[in-house]
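Here the structure is laid out as structure tokens; the discussion comes afterwards.
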Amino acid sequence: MKTSNEVDVTSKQCVDVLSEQRKHNRGREFYGLIKHLQDKALMDNDQYYVVDLCSDGHPKNIFWADGRSRDDFTKFGDVVFDVTYMINKFKMLFAPFTVVNHHGQSILFGGALLENEKEETFVWLFEHFLKCMFSKYPNSIITYQDKAMGNAIKKVFPNVQHRFCAWHIKKHELEHLRPYVSRYSDFQESYKEWVMSDTIEEFETRWEVIRDKYKLENNCWITDMYNQRIHWAKAFLKDIFLAGMTISGRSESINSFFDDFVNLSTMLNDFLIQYDKAVSSRRAAKEDEDFKTMNSRPILSSIHPIEAKAGECYTRKVFEIFKKEWIEATSNLTYEALSKSTEEIQY
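To get my numbering, take the position in the sequence shown, counting from 1, and add 3.
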């Protein structure tokens, strides 16, 4: 940059040149990534991908899903969405859409590489996710607490149940509850009772008690959580089936899984190749479980026909969950057959 006729180069000039160079490098990387998607589209007519461009024509965000992922979404409609995984030297965020399948495994509906975590970025992504998935809305969506993401969900998925991850809430509790725990000896117990309320009426009544008793301010974390209660409180989520999913459980599982395929030095044009390998590995694991379920017989704990029927209907993984509950529930159970037909027995 500097010649014999110029004064010293400023740090601002260095930043501008490096920023422009980085943008051009990322553009070249995106070209390789898009070329990979174009080649795949020749073999997969149902593949979907879209690129978001800057005003100067440089790419900044991309979303993709292959035909099988789109088909999976028609069968499993609950989504875990996270953007906490940085996978390349350009520091772009990897945002996978994941879900738990009928074997308790994490599967992918699609992925995105995002430049930032602004509301308009999430709106762009969610709108294209909806378009990709045949305008079928997810049954529910689980995310960590983020205002920009929450606003985008309200705009694009206004009637979808949006739930906060319980693990992230518990992580914040340790920090925000400490002053009250040290000041009031019974605060921890009262707070736990409030959070675990079974009904909305119980939840609201206990809130009024702890708000007044412990002098909770309007701008404190607990009050803020109360204002967002429909997204996390047990009493408001009793009718929502989420198959035991949490954003931490599913996203950390996916992230640790991808660690075997990508890292911070992975170039963008290599990322999608590695992504496809990771997805193929997941699908092979799913097919392996399919085979084991179809070619094995469940080990029953009783001779009860309900358990036998569950063994026929459920996958191995789900049946083991059922069997554990069944054993606990039937230790003192008696039953009587009320009616019987060729199709069903009522007890």
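Glycine is no exception: its CB is placed at the ideal position from the N, C-alpha and C atoms.
Nothing here was measured: the structure is a model prediction, and the numbers come from that model.
Counted as a single uninterrupted DSSP element, the stretch harbouring Arg-181 is not any beta strand (DSSP E) but the alpha helix (DSSP H) occupying residues 169-186.
One thing to note: His-175 has its Cβ no nearer than 8 angstroms to the Cβ of Tyr-147. In this structure, Phe-84 places its C-beta atom within 8 angstroms of the C-beta atom of Phe-100. The Cβ neighbour count for Glu-290, taken over all protein chains shown within 10 Å, is under 16; the residue is labelled exposed. Out of Ser-344, Trp-235, Ser-304, Leu-303, the CA that lies nearest to the CA of Ala-169 is found in Trp-235. The C-beta of His-39 has 16 or more other C-beta atoms within 10 Å across all chains shown, which makes the residue buried. Burial check for Leu-128: the Cβ neighbour count within 10 Å reaches 16 or more, so the residue is buried. Between the C-alpha atoms of Gly-153 and Phe-325 there is a straight-line separation of about 34 angstroms. Counting along the chain, Asp-49 sits inside no alpha helix (DSSP H), nor does DSSP assign it H or E at all. For Ile-144, DSSP records a beta bridge to Val-82, His-165.
Of the other Cβ atoms in all chains shown, 16 or more fall within 10 Å of the Cβ of Gln-50; this residue is therefore buried. Shown here, Phe-160 sits in coil according to DSSP, grouped into three states, outside any helix or strand.
Judged by DSSP in its simplified three-state form, Leu-117 adopts strand. Note that the C-beta distance between Phe-132 and Phe-66 is below 8 angstroms. Nearest C-alpha to Glu-347 among Glu-328, Pro-308, Val-321: Pro-308. Within a 10 Å sphere around the beta-carbon of Val-12 sit fewer than 16 other beta-carbons, which makes this residue exposed. The Cβ-Cβ distance between Lys-320 and His-106 falls below 8 angstroms. Judged by beta-carbon spacing, Val-53 lies beyond the 8 angstroms limit of Pro-62, meaning their Cβ atoms are not closer than that value. Closest in alpha carbon position to Asp-69, among Cys-135, Gln-108, Phe-33, is Cys-135. Restricted to the segment 259-342, not a single beta strand (DSSP E) segment is unbroken, complete and at least 3 residues in length. Taking 8 angstroms as the upper bound for CB-CB distance, Ala-151 and Lys-121 are in contact here, some 6 angstroms apart. Boundaries of the beta strand (DSSP E) around Lys-63: 62-68.
Nearest C-alpha to Gln-164 among Thr-333, Tyr-350, Pro-141, Ser-72: Pro-141. Rounded to whole angstroms, the gap between the alpha carbons of Phe-206 and Thr-296 is 42 angstroms. With fewer than 16 other Cβ atoms inside 10 Å of its own Cβ, Leu-56 counts as exposed. The beta carbon of Arg-73 lies closer than 7 angstroms to those of Asp-49, Tyr-51, Cys-135, Met-136 in the same chain, with the five residues before and after it left out. Leaving aside the five residues that flank Tyr-34 on each side, the residues in its chain whose CB is nearer than 8 angstroms to its CB run, in chain order, Asn-272. In terms of Cβ geometry, Ala-288 and Gln-108 form a close pair [threshold 8 angstroms]. In this structure, Trp-329 sits away from Ser-299, with a CB-CB distance that is not shorter than 8 angstroms. Using a 10 angstroms sphere on the CB of Met-95, the tally of other CB atoms reaches 16 or more, which defines it as buried.
Trp-197 sits close to Arg-209, with the two beta carbons spaced by under 8 angstroms. Short of 8 angstroms from the beta carbon of Phe-160, and not among the five residues preceding or following it, lie these beta carbons of its own chain, in chain order: Phe-129, Leu-133, Tyr-140, Pro-141, Ile-144. Cβ contact annotation for Thr-318 (same chain, cutoff 6 angstroms, sequence separation greater than five): His-105, His-106, Thr-296, in chain order. In the DSSP assignment, Phe-206 falls within the alpha helix (DSSP H) that extends over 203-216.
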